[in-house]
Structure formats: C-alpha cells, structure tokens
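What follows is a set of notes on a single structure, which appears directly below.
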Amino acid sequence: MWKRIKGGFFISKFLPYGKQFIDDEDIDSVVEVLKEDFITQGPRINEFEEKIADYVGAKYAVAFNSGTSALHGAYFALGLGKGDEMITSPNTFVASSNAALYLGAKARFSDVEKETGNLDISKVEENISDNTKLITPVHYSGNPVDMKELSEIAEKHDVKIIEDGAHALGAKYNNKKVGSLEYSEMAMFSFHPVKHITTGEGGIIVTNDDEYYDKLNLFRSHGITKNNLVNEADGDWYYEMQDLGFNYRITDIQCALGISQLKKLDDFVKNRRRIAKTYDELFEDNPYFDVVLEKENNESAYHLYPILLKDEYKSKKAEIFSRLRANGLGVQVHYIPVYLQPYYQNLGFKKGECPVCEDFYQREISIPMFPTLTDEDINFVKDTLFDTISTI
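Sequential numbering of the sequence shown, starting at 2, is according to the working numbering.
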C-alpha cells in the first residue's frame, strides 16, 4: 500500500500496528439487517450476547456501544460510587479508571511487572484501603493476569474484581477462556476495529450474576425498564425510569457484524499466535529490544506485540519511533501511564507513582500484529526494525 508522509513524499509499504479484517460474509450480514424491520433494539443484539457468553463460558452478556460504556455499566452494577476506591493498572487506556471517576469513585494505580506490563500482584495489597471496593486487572496485550493469586488477595479484603479484557478475547488462563469468571464478578471485552473481532465500535460485559445482569440492562438504556415495576402499570405501554442510566445501546447492525466476525475469532487468534511465535524466533537474542513472553499456563490472544527497548536504546525511543513510521511501520505506544495525563495530575497524581510502569513506557513500542500479516510482511517488520535501530 502507498502512504503519504510528512514532507510530501510516498513510501511503498506501510503496515499499521493493527487493523480489522472484513470479508464478504461480514458485509452480507450487515446488508441483511439493513433490509429487515429492526436495525436497533432488535433480535440480533440478544443473539450476539448469547453467542459471546457461550464462547467464553459465562451465563450472561450485555452489549454496549463501546468498551468504555461497558466498563461504566459494570462499575455501576457493582455499586461503585462516592467514597469508594478502585485499583487498576496504570498501563492501560484511560477508560479503565475513568469509568470509576464517572461514578464519583476514586482511582488508585498499582505498579506492573517489568516483563509483561501486567499488574504486579505482589504490590496490589499495599494499595488496598478501607475504602477499596474493586480491583480491575487489565490483561495487557492479551496476556492474562495471574487471576488466582489476585482473587486470593481480593477475597481476603472483601474486594470485588472486574476484568478489563479489552485485549484478551480468546485468551486462556489455566486452560479456561478469559471471561469464564472463575475469579471475577464480571469481564469486559472491546470490539474496536483493532481488536480481535469488531462491531465498528462496541463492548460487552459478561457475568454470572442475575442482579448484575439486570442492572447492566437498565443502565445502558436510560435506566428504563418494563420489568420489576415500582408503580402499578397503566397499560401494556407502561415503562419506568428507575435509575439515572445512559443511552449506551448497541445496534442490530453492529451485532450482525459481530456475529459474523465471531465465526472467525478462533482462526484470528490462531493466526495471531502463529505470528507471535514467528516474531519470537526472529527476535531471539537480538541486541536492540526484548519481547513480552507468555507466562506458564497462559495463552495470550496477542492483541498487541510489544517490544521493549534495551537500556542502550530507551533514551532514543522518540527518534526510533519516528524513523520506524517514516520507514513504513505504523508502530504505536501502549501506553502513557494513566496518572501522567494532565487530568489525573490535577487530581494530585505525580510522576514516580509507579516507577516500573514508567520505565516500561520509556521502552515500549507496539509493532504490527493482526491476523492477515503475511510472511513477507513479517520479514519486512524484522528488517525494518533491525535496519532502523542499528543506524541510530
């Protein structure tokens, strides 16, 4: 592909760090819904929810118009509010903690493992206070957090867990899919176009709890329901607004795409894992960077393939990043530690809160990882990385 870059000239090949794969079956499924009576609030939403719940092994799923709104709904269903605190990773997109702030709760950040970018479980307990109600582990890059160990800490302190699985649809922990909820109350998955399957924008919460399920449904649709009425119904048309919810509904158009995409998910994950294994072999013992490896009993879904610059190169990250993009690799960085964002600094957070995460940020670059990468693409990635870094 051709891409115009700064200076007005063109490069012949440009690989983004991630992108969707849409085929004719996906397109046909969307067109079919557009010809039907319901393009929103119709039967495809329930169908998609049931298929996702069945895929991960959960009882219920409730779909939202984004992963962010899904987290907002999950935190609401849990009862998070003013006076409460939650703990999450700083190595994540801002939504993981923002969703708590929306409800008036406070976010705290616990440091990460230098090898994986996931929560360092050994440091979580020191961040728990009398006000801690929730821990949200983030399965960074699709590589699962040690949920058993985390759940033991949470149970000891009577704290609930909601998994941020935005990167981890199709991943496995101890031979069970992320979202099976053995160690958590709920889990969220994202369907943004760079994720494993896409609905354009969208997210979903899975849970096994009837009460959470009812609250999630209420929250995503203005707090309105026709069930469990407070007042006597005036007629069949009657509905009640029982809480202050939001319009976070997803459409049948999106869910039709999701249903079609879900058929390909296992192949998508299989291809991502194959590509990651090839990368691992190509990059073994290279002098420029380290890679994030799976832990024992984990199967990463490889939403991302992060590289971590070695000491000699981490101070040159900005130059390396710019040159890689100029040379055709659409690399990205995941993530700026959340508490270094100006909004969070205004809340009192300061540099140095999580030093391992800050060091991880100084080293991390996400290279192309999506299931349709060819062997030619993979070799292009390797050659471009080595040729670029070696000249800096």
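Virtual Cβ for every residue (Gly too), placed ideally from N, Cα, C.
The Cβ-Cβ distance between His193 and His304 does not fall below 8 Å. In this structure, Ala78 places its C-beta atom within 8 Å of the C-beta atom of Tyr213. Here Ile321 carries a helix assignment [DSSP, helix/strand/coil]. Residue environment: Asp27 is assigned as buried (16 or more neighbouring CB atoms within 10 Å of its CB, all protein chains considered). In this structure, Pro138 keeps its C-beta atom at 8 Å or more from the C-beta atom of Cys355.
Distances from the alpha-carbon of Asn119 to those of Lys173, Glu313 and Pro145 put Pro145 closest. For Tyr362, no beta strand (DSSP E) encloses it; the enclosing alpha helix (DSSP H) starts and ends at Pro356 to Arg364. When secondary structure is reduced to three states using DSSP, Ile136 falls in the strand class. By the 16-neighbour rule on beta-carbons within 10 angstroms, Asn299 is buried. Contact check for Ala106 and Gly74: beta-carbon distance about 14 Å, past the 8 Å limit, so the pair fails to qualify. With distances taken between CA atoms, Glu313 lies nearest to Pro288 out of Asn328, Pro288 and Glu86.
For Ser130, the CB contacts under 7 Å within the same chain, skipping 5 residues up- and downstream, are Glu86 in chain order.
Spatial neighbours of Thr389 in its own chain (CB-CB distance under 7 Å, excluding positions within 5 residues in sequence) are listed in chain order as Ile321, Arg324, Leu325 and Asn328. Listed in chain order, the non-local C-beta contacts of Tyr240 below 7 Å within the same chain comprise Ile225, Thr226 and Lys227, local neighbours out to five positions each way being set aside. A contact is defined here as three or more CB-CB pairs under 8 Å, and the segment 274-281 meets this definition with respect to the segment 373-388. Contact between the segment 96-116 and the segment 228-236 is absent: fewer than 3 CB-CB pairs across the two stretches fall below 8 Å. Of the residues Glu183, His158 and Arg273, the one whose Cα lies closest to the Cα of Val195 is Arg273.
Taking a cut-off of 8 Å on C-beta distances, the segment 335-345 does not touch the segment 175-195, as fewer than three cross pairs fall below it. Boundaries for Val292: no alpha helix (DSSP H) harbours it, while the beta strand (DSSP E) harbouring it runs Phe290 to Val292, taken from the DSSP string. One thing to note: Phe65 has its Cβ within 8 Å of the Cβ of Gly204. Residue range Lys107 to Phe110 is occupied by the beta strand (DSSP E) that includes Phe110.
Burial is judged here by how many other beta carbons sit within 10 angstroms of a residue's own beta carbon; Met189 has at least 16 and is buried.
The continuous beta strand (DSSP E) containing Tyr306 extends over residues Tyr306 to Leu310.
For Ile393, the number of other beta carbons within 10 angstroms of its own is below 16, and it is reported as exposed.
Residue state for Val270 is assigned as helix, using DSSP reduced to three classes.
Gly331 is not a Cβ neighbour of Phe22, given a cutoff of 8 Å. Pro343 counts as exposed, since fewer than 16 other beta carbons sit within 10 angstroms of its beta carbon.
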